[in-house]
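Asks: In my numbering, the protein residues as written are 4 to 188.
The C-beta atom is built at its ideal place from N, Cα and C for all residues, glycine as well.
First, the structure itself, so that you have it in front of you.
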Amino acid sequence: MIKSKYVATKVKTGLTRWSYCNVWEPKSVNDGKPKYSVSVIIPKSDTKTIESIEKAIQAAYEEGEAKLKGNGKSVPSLSVLKTPLRDGDLERPDDEAYRDSYFVNANSTTAPGIVDADLQPIFDHSEVYSGVYGRVSMNFYAYNTGSAKGIACGLNNLQKLKDGEPLGGKSRAEDDFADDDNFLA
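Set out below in C-alpha cells:
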C-alpha cells in the first residue's frame, strides 16, 4: 500500500497536555484571520511522538520544496527555516507546564473535532480547557509568505483523555463551588 503525502505529514500524538486552548471560538492574532488553536505540550520522554513529528516536518519540507524555493535559486535547507517543534526548557523556562517538554502550536481556520476517551463528541465548553490531557491529530505543511518561510502545524482533531490542573491561573467554576453543598442551608 502506498502512503499519500498527506499521511506522511499527519501525526497523532501520544498523551499531551494542552495550553492556550482556543478550540471553541477562533481568535485573531495581530489582526490576522481568526483561527482555532492549541499549544500541544509533549513530554520529552514521549520519543515516539517526537520522532513522528520530526518525520512529518521532513516530509512537509520535501513536499513543499517548490513553495519554499519561491522565486529563489535554491530551496533553503530545513535547518534555517522556522519549524513548529520547540523546546519548552529553552523557550519557556519559567513556565512549569513546559518543563522537560517540547511543544507545537497547532492552528486551523476550521473548528477541530473534539471527542472524549470513548470517541463521543464533546460539546460542553467547560470540558476542554488549558490544562487538560489528551491526544491531538495534526498535519505539517510548508509555507512561504514572501517575508517568511518555514513549516507550520495544522490542527485537525482533539481527543480529551483526562482532566488536569487548569493553566493560566484561572480555576473552573465547577471546582470553585464543588464543596459548597450546604451553602444555602
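Beta carbon of W21, beta carbon of V118: below 9 angstroms?
Replies: The sequence position of residue 21 within the sequence shown is 18, counting from 1. The sequence position of residue 118 within the sequence shown is 115, counting from 1. Annotated as distal: W21 and V118, with beta-carbon spacing of 9 angstroms or more.
Asks: By the three-class DSSP mapping on this structure, what secondary structure does L122 have?
Replies: Here the question's residue 122 lines up with position 119 in the sequence shown. Coil.
Asks: Buried or exposed, going by whether 16 or more other CB atoms sit within 10 Å of the CB of G171?
Replies: Position 168 of the sequence shown, counted from the start, is the residue given in the question as residue 171. A residue is called buried once 16 or more other Cβ atoms fall within 10 Å of its Cβ, and G171, having fewer, is exposed.
Asks: Report the three-state DSSP secondary structure of K30 (helix, strand or coil).
Replies: Mapped onto the sequence shown, residue 30 falls at position 27. Residue state, collapsed to three classes: strand.
Asks: Quick check on A145: does DSSP put it in helix, strand or coil?
Replies: For the purposes of this step, residue 145 is identified with residue 142 of the sequence shown, where counting begins at 1. It is a strand residue.
Asks: With 16 as the cutoff for other CB atoms within 10 Å, does D179 come out buried or exposed?
Replies: Here residue 179 refers to the residue found at position 176 when the sequence shown is read from its first residue. Exposed is the call here.
Asks: What separation, rounded to the nearest whole angstrom, lies between the Cα atoms of T12 and D127?
Replies: Taking the sequence shown and counting its residues from 1, the one referred to as residue 12 is at position 9. Taking the sequence shown and counting its residues from 1, the one referred to as residue 127 is at position 124. Spanning the two alpha carbons is a distance of roughly 30 angstroms.
Asks: Just the C-alpha distance for A120 and L164, rounded to the nearest angstrom, thanks.
Replies: One-based indexing of the sequence shown puts residue 120 at position 117. One-based indexing of the sequence shown puts residue 164 at position 161. Distance between the alpha carbons of A120 and L164 is about 5 angstroms.
Asks: The alpha helix (DSSP H) spanning G91 covers which residue range?
Replies: Position 88 of the sequence shown, counted from the first residue, corresponds to residue 91. For G91, the enclosing alpha helix (DSSP H) covers residues G91 to E94.
Asks: Output the distance between the C-alpha atoms of S31 and G134, rounded to the nearest integer angstrom.
Replies: Residue mapping note: residue 31 aligns to position 28 of the sequence shown, counting from 1. Residue mapping note: residue 134 aligns to position 131 of the sequence shown, counting from 1. The C-alpha of G134 is placed about 22 angstroms away from the C-alpha of S31.
Asks: Here's the rule I'm using: 16 or more other beta-carbon atoms within 10 Å means buried, otherwise exposed. How should Q123 be labelled?
Replies: For the purposes of this step, residue 123 is taken as residue 120 along the sequence shown, with counting starting at 1. Of the other Cβ atoms in all chains shown, fewer than 16 fall within 10 Å of the Cβ of Q123; this residue is therefore exposed.
Asks: I'd like to check one pair, S55 with A109: are the Cβ atoms closer than 9 angstroms?
Replies: Residue mapping note: residue 109 aligns to position 106 of the sequence shown, counting from 1. Residue mapping note: residue 55 aligns to position 52 of the sequence shown, counting from 1. Result no, Cβ atoms of A109 and S55 do not sit closer than 9 angstroms.
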